[in-house]
Each structure stands twice: as C-alpha cells, then as structure tokens.
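Below is one structure; the comments refer to it alone.
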Amino acid sequence: MSLIDRTRAALDQAIEVYRGTEYDRRLAAVRERLDEPLRVAVAGRIKAGKSTLLNALVGERLAPTDAGECTRVVTWYQDGHTYRVLATPKVGVPRQLRFTRDDGVIDIDLGVLTSAEVARLVVTWPSQALRTVTLIDTPGIGSLSEQTAQRTWGLLVPDDEETPADAVVYLLRHLHANDVEFLQAFHDTEVSRPSPVNAIGVLSRADEIGVGRLDSMASARRIATRLGTDANVRRLVQSVVPVAGLLAETAVTLTEVEVGQLRRIADLPVRQAEELLLSADRFVRAMPELGLTSIEREALLARFGLFGVRLTSTLLRREVATNATELSRELAERSGLNQLRELIGSLFYERRDVLKSRSALLALAETTRACVRPGSEAVAAGVEEIIASAHPFNELRVLSSLRAGWVTGKPDVVAELEQLIGGSGSTTSQRLRLAPDAAATEQAAAATEALARWQRRAENPMTAYEMVVAARVAVRSCEGMLARLEQSR
Amino acid sequence: VTVTVTDDATAPAPGAAAQAVAVVDLGLRACTAYDRPDTAARLTAARSALADPVLHVVVAGEFKQGKSSLVNALVGAAVCPVDDDVATAVPTYVRHGAQAEASLLLEAETPRRESIPLADVRRYVVEGDTAETGVPAGSARVTGVEVRIPRKILAGGLVLVDTPGVGGLASPHAAASLAAVSMADAVIFVTGAAQELTRSEVDFLRRARSLCPVVACVITKTDFYPAWRRIQELNEQHLAAHCPVPLISVSSPLRSRAIKANDTGLNAESGYTQLVKFLTEQIGGSAVDRLAAEAAAEVVALCDQLDAHFQAERAALADPETAKRIVEELTGVKARVEALKTAAAKWNQTLNDGVTDLTSDVDHDLRARVRVVIAEADAAIEAADPADTWPEMEPWLQSRLANELLANYELLRGRASELGERVGNHFHEASSELLSRPAVHNPAPLATIAEFEHKIDLKRMRVTKQAMVALKNAYGGALMFIILGSLVGVSLGPIGIGIGLVMGHRGLREEKKRQVQRRRAEARNAIRRYCDEVIFVASKDSRDTLRRVQRQLRDHYSGLAEELNRSNAQALVSASEAAKRTQSGREKRLKDVDSELARVRQLRQRAQAVIG
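Which chain is which? The protein sequence lines are W and S, in order.
Our numbering puts the first residue of the first sequence at 1, with every later residue one more than the last.
Our numbering puts the first residue of the second sequence at 490, with every later residue one more than the last.
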C-alpha cells in the first residue's frame, strides 16, 4: 500500500471515530486536501520581494507590490473556474469581497473589515500556473508591526501541528553570516519548521548584489552556492537559488511596447548607451533626443530596474533576443526564474504525495492529542506507525539529520547518501547521479551497485551508529528503486 | 598616479598650525635659556603632534553598504578590496605616504608591523582569506592593514579607517565599531540608498554621536536606486528627529569614473565634492586647530611660570628687606611641597581609595550585567529547542555580552573621569594654598586643573591614535576584548545534540522530548561556563585598566609636584642671589629682569593669539 493510501485509510478511520464531533469537518477538510494541489507558501523577512516573486511564479501581476511594506494579510492564490476573492475573518463566516484590477494588480476592497480582522484571503484565479500548486503569499517575518509577523508564524506552524502549507519557498536577503538577524531568520522558520524536506531557499533581489553590474547574476549565483553550503542554511532548505524578482516578474509580463522603448537604447552606440545608463538619474534626464519621455523612462526603471534596462538593452543590441517573446524567455532564464521553477518541480511537485501525507498525518496526530475518544487511541497508534515506519518519512528524517550535521561521515559518502535518499530530487536517475535519460538497464546496474555498497556500510562494525541507521535507510531506498524498475519492465 | 580631480581636496589651512609651531619653537628656546628641561619635553611632544597630526576618520556602517567603495572613491584608488559577497574582515587604515606601500599590523606579545606587497592587501583584509593563507611569522594575529598612498586629501594627516560591517543591531560587531568610534576624530556612517535608515542604524548613529565629536551620515549607491531622493528625504527626517548630523548623498562608481576620465562635472554629480569639503573643513581643519591651541596653551603655561619667577626676583631686587622675607617664605614652602609628593598627601589618598572603590564597583556592575544576560539566555533556552537555536546562540550571546561590557566600560570611564577630577581638585587645593604667596607661580593653574581630565584623555587618545592596534596599552584590554568582536579566546562550543536518528519504533515523541530536556540542561551549563570565562577575562582587564589609570594620575600629579618643587627652588635661588647683590649689581640685574619680563609677556601674547 502506498503512503498516500495508508494516509487515506488512517483518515477514513479517524473520520469514523470523530463522526459527530467538532473535529468532523476539519478531518473531512484534511481528507479533501489530499486530492487538492500542493500548497506552497512564499515566506521570508519583510521587503524580501515575496509578492514580486509570487507574481513571477503565477505569470501575472496579481499581488500588489510596493516600496513600503504591503502584504499584511496571508493571501492564497488558487486555481478555479471564476475570478473570486473570499475573506475568512477571525470571527464570523467567510464572505466574498469586491475587487478591481488596476494595471493587472488586484485591488481588494476589504469592505467593513480591517486587515487585522482578516485571518486570510483566498483569491481564486483561473490560471495554468496555479493548476498544480496553490501559492500562499505571507506578510514578512520580522515586520515592525508585531501582529503582521505573528500572522506569518501562525501560518507556518510547528512540527506537531497542522501545517496549512505543504512546502515553503524561503526568501533570503544577502546578509552577513554572523548577522544575528540572518541567523534569527532561521530561528523564525524553526518555529515554522520548514526542513530541508519541504523548503527551497531563494536569494532574493539578486540584481542588487552586484549593484546592477551586468555580471550581477553571476555574483549572485556564487553567493547562493556558498549559502547553500552554510550549515545554518542547510538545516533548513534543500538548495539556494538566486532570483532577481523584479526582472522575473517583468519577464513574464513583458510587452512589445516596452521592447520598442528598450530598442531605442539598444540602438545607441555602446559608449553613449553606457553614459546614459551610468546612473538612474542620468537615464531619466540625459539625452532628450532619445525620444522617450521622462515618464516613460521612469516607468521602465520601475519595471526593469537599472540592472534590467542595462541587461535588456545589451541583449537587444547583441541580438540575443529580437522580440518580446524571445526577450521574455531570455529574462526568465537570466533572472533565475526558470531554475526556481525547475526546483519547485523536482523537489516539491515530484514529491507531492509525501509532502501532502506529511501535512495530513501531522494534522491527524494533533487531533488525536487534542480530543481523546473511544477509538482515537488506535488512530493515534496508526498515525505513529506510519510516521515511524513509512520509508519516505525515514528518508526525510535521515535527510534532515544529515543536513543538521547529526549524521557525519566522509564528505563524499555523506553527499552520496544525501542524493541516494532523494536529497536533490526523487527520480531514480537523480538519486543515482545518472543522466535524466539513462536507460533502465543502466539504472538497474547502478542501483544494484549502490545497494551492495550501502549494505556493506550498514553491516560494517566500524560504522558509527547513526551512519548504520542511515545506511539501512539507504539500503531500503535502493531496494525500492530496484523494485520499481522491475515493475516497469 | 597623478590625480587631478581629487585635488579638490585642499590640505587644511596651515595658518594656525604654522603660527603654533613658531610659538612653540620660541617657547623651546626659552626653556633652554631658563633651564626648564621638564617643560621642554612637554613642548617637544606638542610640536611633534602638530608636525604629524593623525586624524582617524572611521568609516562605519552595516554589511554591504559600500564602505570600502567609499574609501576607494575618496582617495581615487582601489586600496580597499571590494567584493560582492565576502566582507572586510579587519580594518584598513588608509593614510598618506610618499609612495604607495602596505603593511600588516600584527598583535603578538608586543604589537608590531610587517611590510607586505600592495597586491597582498586583499588576502589579509577580505574575510575568510586569512584562514587559508595563514598568518606569517609565528602566531601573531592580524589586527589591521595599513596602506599608504600619496594623496593630497590625506596629506593633512587624515587616516581613513575602513571597518568591518556592523552587521545588525545587536551583533558583536556593532559594539566593536562603537568602541572604535569612541577613539576616532570623526565618523562617516554609510548607508545604502536601497532603503531608509533602519532603527538599528539610527541607534548606532545616536550612540556614535555621543562618543565622537564629528559624525556625518552618507547615503551611497545613488546611481543604482532611482528613488534615492525620496530615501534622502526620509533619512533627513529620521536624522532631524533622532540625531541631527549632516547628510551627504554620493555615488562611488560615478566618482571613480570621474577620476579616471578627469571629468569635473561628473565628479560634482557624484556628490563627492561635498563629502571632501566636509572632510577637509569640518574634520581636518578643526583637528589641526585643536592641536595648535593645545600647543600654544603649553607655551602660555610656561610663560606664566617664568613671569611669576621673574616677578619674584624683581620684588627681591627692588627691596632687600622683602628679599629676606621671600627667601624665608620660599624655604617654608619647600617642605610643604615635598609633603605634597608623598603618599600621605590628600590627593594621593583620594586616588588610592577611589581606585579601590571603583574596582569593586565596576566588578559588581559587570557581574550584575552578566547575570541579566544569563537569565535571558535561560529564558531563550526554555522557549525553544537548543538544537535549533544553538548556532545563533553564540553570536547572540557575544553581542549581548559585548554590549554589556561596553556599558560596563562606559561606567568605568565615566567614574574614572570623576575620580580624576576629584584628585585634581584636592591637588589644586593643597597647591594653591602653598602658592597663594605672591612669590611663587602655581604650575598647575586653575584652568589646567579644570581641564585636567580632558587633558589626560587627550594624552591617552594621542597614544592610541598613533597605533589604533596598540589599544591594549592605552585603552585597556577591556575594550580590546570588545573591539576584536569575537571575545577572544572564549568559545561557546557545541553541545551534544543527542542522536537525532530514532526511527522504526514507537515512542518517537517521548524520545524526542527526553532529548530536548537533555539538550536544554547542556545548553544552560555551556552558557554559564562561557559567562564565567568572560567575567574572568573582563574583570581582569578592567582591574588592569584601573591600575593604569591610577598610575597615570599618580605620575601626572607627582610630575606637577616636581615642577612645583623646581619652580620653587629656582625662585629660592634667584631670591637669595638678589639679596646678596650689591646696589649696582642689583640695578643692572633689575634692568635685565625687566627686559626678560617684557620678552616673556610678548611670547605669552603671541601664544594667546593662537589659542584665540
């Protein structure tokens, strides 16, 4: 029986036990959630660019973004047949809200409610991107208004409670590694308990790192790679990728008109263009003969940033891209958006059953603790049985321990172990470090080899206890892969 | 490299300094003529300070705000390594030199320096690199890198100190930077145009302003952020509300480009002309003026002593009867002046008692502060699983302790100043009673007494500034301890996290809970061990500092008593000689004394003019 089926069975049993109690509806909701899209929250400290990134992921400028702190209510963006905004107040029943769209951005009229009274907003929006994931925009952690931050904490809740989000995209700003704020950023998430299992780190505002130099993204990539090896970061996220949020958002909403304006800059001789783009001030004021009004120029800066204008005009000049479609594709790649999407695909989407089961089982365990009824003991035992024995969970546990540095060994052994148990993607070829299109026979050979290797490690009396436990899990992973290969033959 | 654009920096006006040097030279000649080697030593010190003024301008700010770029743009050369990721790890001192060169400042048993090629500066300054390359020659620790380059802007004695980033409101670095700031002549606080001043930045600025006379706030990266004018407005409001200091907006890339292209217009656009003007006028100018005034004040003091001496002689010459009385009086004074030098003197007792009291007060204060920190740490441990929070615990603890140590140090410094004042008053009371006689001039005039603590401070500051690395000697290890940021040699260490891998059996929850309890107990113990260690080191340091303060005050007043003695002895000799002179000899000498008096008064006038 697969994990998701076991989870479903446990839920069915619980629904029977709790029929007629106040937990009835909640358990039904948990059961339904198993069949809904994966829920991914975008979290991070204030002004990290969460809404901008969310827009980039959706491909539309839905969430309002501003220079000030602007997301104050947890907002869900989910797929649906009609355009609809629903507010769930802390007290009272959910109600539908009126909204308008201003330049793409949804402007929601809270009506008689204040943002403090609203527990969450649900925006239903027919969108291809939202079909596989539901995205959740959160107010920044570390916000000056304590209440706003509390709301985020409430969303990303601890280990043994129900987690509204199955996975987290965590935005990091470039801070000094000794910065207490930097370390506390992780402390906050400790409360939220994302783990290397369900979180991806994003080094946000990547274009600011090189202060807009053309090689900024290369710099950002280097920093992201370093961050990815930082012990504190590793304990919490699987991987860190740099994303220039503004550019990513603009990439997916680029218009031909804008490309036309940028082309005027691209058509200038290199030296002149360089002079013009020396500073934001110069770009707005200098060279009146360019044929762009200062309002148009300011708008370009707001959409692309100085880095974006420099980059796009260079791309157009070198004819790397010649129209909006090509430029959009190029920017999606260069802004880091594509890489992030791939990661979300391989680390979250591929593993959605495990992540969703995890959320459901945590919710169920909480219920059995909160309310003891005849039969609930058995449900609790069942849940613990699944959590303790289901192989995917054991893999996740070993992964967390590896990341936390609790299981140690030679670096290459640890690295192999991490991949084998699905640390960088859960497909067979990813686990075995093979090319994505490796033939089944090649995969089987590699898996057999790995199996033997890890069996030896597990049985070697010189191996440390923690590593033995981990090696046994790795053996199970290898066996699982071989079984799947056998089946598909 | 010739730089034309940077020549917008004019060296501080030489007027006051040149006049002061001339006056001091005259004073030195007078010392030789009237046999006052004690005062000559003081004047020589003042003269060398004038000839080579050293003004430390500390460039401080959060991580990645463009501090190194600002220093580079100011001097028009890439002296401080700039990197997108890694930060400056040790301070770089950029100062004037006939030719470009660099040296390492090392802290070993005795601080020393070591020449390095310019190209190697990066290796030592950039974070993380030192660990790989290792430190040359023994286990000395690199505390700074000094780069000398020929630049007009630095010629006035300006030393730009590029510091490691502050890194957050409560980081140990913040306390370290503040400690450095307390010894600087000026602070340039750097903040990027990406966002308005944060709360922690404003806090830092406010504290810096209370520790350092000249503070300016500089907004960088105005080329990259289109909204920098709005940020500037917001910052102006914040500054006006919390700590009124000048605000200047600059763009380092524009300045660097302007220098390369020798483009005056672009230089003005970069905003640096304003900053340079501020540096040379507000910082350079004022500091040189201060030094000039100090030197001239020494000359005035000398003139006053000589004046009194000649007047006594003149009185004795004019009337032999008076001469006899004066000789008697001066002989009586001699015994009492000698008493002033002994340990039984009231000022000396005040000093000894005061230092004893202060030592125990400072120690008590330190312990009370650490106890609060421990309580906070315990609460934090209770609130979360140490396995999660441990990595951040050490920096947190360091920063909390660093801040408490700094506060403790401020207490020490404040109380030591008070004590110095009290001792000064007692000395003054005793000496002015002796010196109320017309014959003898008080070598410690009232003005000097009143400014005494200030003077001691200046003296100490001067020592410090000649080598900020040698802080340990001048400012006390307590501060060094904080400045190094890492609370040297004390480490929290890992705690046993327990076996995180428990699986395949029931009772997972209970097992986890048990582990958490064990971790908490371990964490609490580790915190206590750490704090004990910190108290041990810090209290030893503050005791040493106080002992140094005691020695310094004692030496100072013993010196003054000795001067008093000497002045008295000379007057005694002159007066007895006057009594022995013949009528004609007396008349002749009277004429000489009159012309000497005129000369001394003229010199005094000139010196007074320099002070203004």
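From the three backbone atoms N, C-alpha and C, an ideal C-beta is built for every residue, glycine too.
(message) Quick check on this structure: which residue in S:1090, S:914, S:709 and S:548 has the alpha carbon closest to the alpha carbon of residue 670 of chain S?
(response) S:548
(message) So for residue 748 of chain S, helix, strand or coil by DSSP?
(response) helix
(message) If contacts are defined as beta-carbon pairs under 8 Å, then residue 1092 of chain S and residue 519 of chain S qualify, I think. What distance do you get, rounded to the angstrom?
(response) 7 Å
(message) The beta strand (DSSP E) that contains residue 701 of chain S, what's its start and end?
(response) Looking at the DSSP string, residue 701 of chain S is not in any beta strand (DSSP E), and its letter there is neither H nor E.
(message) To be precise: take each residue of the stretch 350-376 of chain W, compare its Cβ to all Cβ atoms of chain S, and keep it if any distance is under 8 Å. Which residues remain?
(response) none
(message) Please report the straight-line C-alpha distance between residue 284 of chain W and residue 298 of chain W, rounded to a whole angstrom.
(response) 6 Å
(message) Quick check on residue 153 of chain W - is its C-beta less than 8 Å from some C-beta in chain S?
(response) For residue 153 of chain W, the predicted structure reports a pLDDT of 40, less than 50, and the residue's modelled location is therefore unreliable. A value from the coordinates is still provided. It does not; no Cβ of chain S falls within 8 Å.
(message) Using CA atoms only, rank isn't needed, just tell me which of W:57, W:44 and W:166 is closest to residue 351 of chain W.
(response) W:166
(request) Can you say whether residue 432 of chain W is buried or exposed, counting buried as having 16 or more other CB atoms within 10 angstroms of its CB? (result) buried
(request) Identify the contact partners of residue 714 of chain S in chain W, using a Cβ-Cβ distance below 7 Å as the criterion. (result) 280
(request) Just confirm the distance between the C-beta atoms of residue 727 of chain S and residue 691 of chain S, as a whole number of angstroms; I'd bet it's less than 8 Å. (result) 6 Å
(message) Can you check whether the C-beta of residue 1094 of chain S is within less than 8 Å of a C-beta belonging to chain W?
(response) no
(request) Below 8 Å between beta carbons is the criterion; list the residues of the stretch 728-746 of chain S that meet it against any residue of chain W, in chain order. (result) 740, 742, 743 and 746
(message) List, in chain order, every chain S residue whose beta-carbon is nearer than 8 Å to that of residue 222 of chain W.
(response) 573 and 574
(message) Taking beta-carbon pairs under 7 Å, can you tell me which members of the stretch 196-221 of chain W lie near chain A?
(response) The structure shown has no chain A; the protein chains it does contain are W and S.
(request) Whole angstroms is fine: what's the gap from residue 955 of chain S's alpha carbon to residue 543 of chain S's? (result) For residue 955 of chain S, the predicted model reports a pLDDT of 27, less than 50, meaning its position is unreliable; a value from the coordinates is still stated below. Those two C-alpha atoms are separated by around 7 Å.
(request) Could you name the residues of the same chain whose beta carbon sits closer than 7 Å to that of residue 434 of chain W, not counting the 5 residues immediately before and after it, in chain order? (result) 442, 443 and 446
(request) List the DSSP bridge partners of residue 418 of chain W. (result) Bridge partners of residue 418 of chain W: none, in fact.
(request) Would you list, in chain order, the members of the stretch 554-573 of chain S that have their beta-carbon closer than 7 Å to a beta-carbon of chain W? (result) 573
(request) Alpha carbon to alpha carbon, how far is residue 266 of chain W from residue 291 of chain W? Give it in angstroms, no decimals. (result) 13 Å
(request) Scan the stretch 692-714 of chain S for residues whose Cβ lies nearer than 9 Å to a Cβ of chain W and list them as they occur along the chain. (result) 710, 711, 712, 713 and 714
(message) Would residue 136 of chain W and residue 72 of chain W be called neighbours here (beta carbons separated by less than 8 Å)?
(response) no
(message) To be precise: take each residue of the stretch 288-308 of chain W, compare its Cβ to all Cβ atoms of chain S, and keep it if any distance is under 9 Å. Which residues remain?
(response) 298, 301, 302, 305, 306 and 307
(message) Count Cβ pairs between the stretch 745-761 of chain S and the stretch 718-736 of chain S that sit closer than 8 Å; are there 3 or more?
(response) no
(message) Can you find the residues in the same chain that come closer than 7 Å, C-beta to C-beta, to residue 473 of chain W, ignoring five residues on each side of it along the sequence?
(response) 394, 395, 398 and 421
(request) Taking only beta-carbon positions, decide if residue 174 of chain W is within less than 8 Å of chain S. (result) yes
(request) Could you tell me whether the Cβ of residue 33 of chain W comes closer than 8 Å to any Cβ of chain S? (result) no
(request) Buried or exposed for residue 1006 of chain S, please, with buried defined as at least 16 other CB atoms from any protein chain shown within 10 angstroms of its CB. (result) exposed
(request) Run down chain S in chain order and give the residues with a C-beta less than 7 Å from the C-beta of residue 226 of chain W. (result) 574
(request) Compare the C-alpha of residue 610 of chain S against each of S:579, S:585 and S:587 and name the closest. (result) S:579
(request) Please say whether residue 896 of chain S and residue 856 of chain S have beta carbons closer to each other than 8 Å? (result) no
(request) Report the three-state DSSP secondary structure of residue 354 of chain W (helix, strand or coil). (result) helix
(request) Have a look at S:1090, S:507, S:783 and S:808 and flag the residue whose alpha-carbon is nearest the alpha-carbon of residue 1079 of chain S. (result) S:808
(request) Compute the beta-carbon to beta-carbon distance between residue 1103 of chain S and residue 705 of chain S, rounded to the nearest angstrom, for a pair I have assumed lies under 8 Å. (result) The displayed coordinates of chain S run from 490 to 1101. Any statement about residue 1103 of chain S would go beyond what the structure contains.
(request) Return the bridge partner residues of residue 89 of chain W from the DSSP annotation. (result) W:118
(request) Could you tell me which residues DSSP puts in a beta bridge with residue 738 of chain S? (result) S:708
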